[in-house]
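Below is one structure, written out as structure tokens; comments come after it.
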Amino acid sequence: GTGTATRELLAVLPRDAVVVATDLNEPMLAQARTHISDPRVQWQTADAQALPFPAGSFDTVACQFGLMFVPDKLLAAREMRRVLRTGGTLLVNAWNAMSLNAAQHYVHQLACAAFPDDPPRFLETPFSMPDPAALVAWVQCLPEHGIRLPVRVGMSGPVSLPQLIAYAMQCGVGASLRG
């Protein structure tokens, strides 16, 4: 992404931590590099549906505003779980329903009205994961691993990554973020 999540993680991680920041698109990583020059960051182009990392290689996987853009969200959730070590922490932040974002909802309605025969559905993509229960179900039950992960959903409304990290640490699921 643009480096926002990476910057927030760097602020709470110990000085000896390593962050592997990924995005499908190299230009997004190039943009992020212009804002972050921390030697703890390794930048890598990666597809969330086929992460190029060994199983169990990360203490924490954080995905801010990325999962909703992935065509096969369940496959991406499986990949995130695959690269997490046993007992690792998964942080996912996704947009809520479009109807709760008045400006985007209005723009979408205008676009659909302007093109009724072929409405521009791409505006719906960022809002494709508004149901926390569905996300919890995907992450908790990954049948090919035969595991269940503890998942906490306790935040509603607009949530920033710092709030999500603080919430994870408060609930005890973010212990690996503390070092």
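Position one of the sequence shown corresponds to residue 99 (the working numbering), numbered consecutively onward. Glycine included, every Cβ here is placed at the ideal spot set by N, Cα and C. Keep in mind that this is a model prediction, so the values were computed, not measured.
The beta carbons of Leu233 and Val190 sit closer together than 9 Å. In the displayed model, Phe220 falls within a helix according to three-state DSSP. The residue from Arg180, Glu222, Leu173, Ala103 with its alpha-carbon nearest to that of Phe156 is Arg180. Here the alpha carbon of Asp229 sits roughly 10 Å from the alpha carbon of Ala235. Across the structure, Thr104 and Arg138 are spaced so that their CA atoms are roughly 10 Å apart. Per DSSP, the continuous alpha helix (DSSP H) segment holding Arg105 begins and ends at 102 to 110.
Separation of Gly99 and Gln129 (C-alpha to C-alpha, rounded to the nearest whole angstrom) is 8 Å. Listed as beta-bridge partners of Gln162 by DSSP are Asn191. Residue environment: Phe225 is assigned as buried (16 or more neighbouring CB atoms within 10 Å of its CB, all protein chains considered). A straight-line Cα-Cα distance of about 42 Å links Asp215 and Trp141. Under the DSSP assignment, Ala148 falls outside any alpha helix (DSSP H); it carries neither an H nor an E label. Gln162 counts as buried, since no fewer than 16 other beta carbons sit within 10 angstroms of its beta carbon.
When the Cα atoms are used, Leu127 and Thr223 turn out to be separated by approximately 21 Å.
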